[in-house]
Amino acid sequence: LGDYSTGAAQAIMPYVVGGNEVYQQQTSWPMVLEHSDVVVLWSANP
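Residue numbers (our numbering): 1 to 46.
1) Let me know the secondary structure DSSP gives Trp29 once reduced to three states.
2) Less than 8 Å between the C-beta atoms of Gln26 and Val17, yes or no?
3) Quick check on Gln10: does DSSP put it in helix, strand or coil?
4) Output the distance between the C-alpha atoms of Gly19 and Met13, rounded to the nearest integer angstrom.
5) Determine the direct distance from the alpha carbon of Tyr4 to that of Asp37, and round the result to whole angstroms.
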């Protein structure tokens with residue numbers, strides 16, 4: 001799965017955006033927002 005960041009992303013991405021491949025067609029953000037009650041974004045960048 002790569003390093004800890006990509007490993008975590010690859011594990012959760014299929015449940016959030018429909019796939020774990022960077023260049024694969026993903027679910028659009030408007031569709032994610034339409035079908036979500038809460039969206040949590042996090043980052044290691046200040």
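Using N, Cα and C, we set each Cβ at its ideal position, and we do this for glycine too.
Checking against the coordinates, here is how it stands:
1) helix
2) A contact, by the Cβ cut-off of 8 Å.
3) helix
4) 6 Å
5) 27 Å
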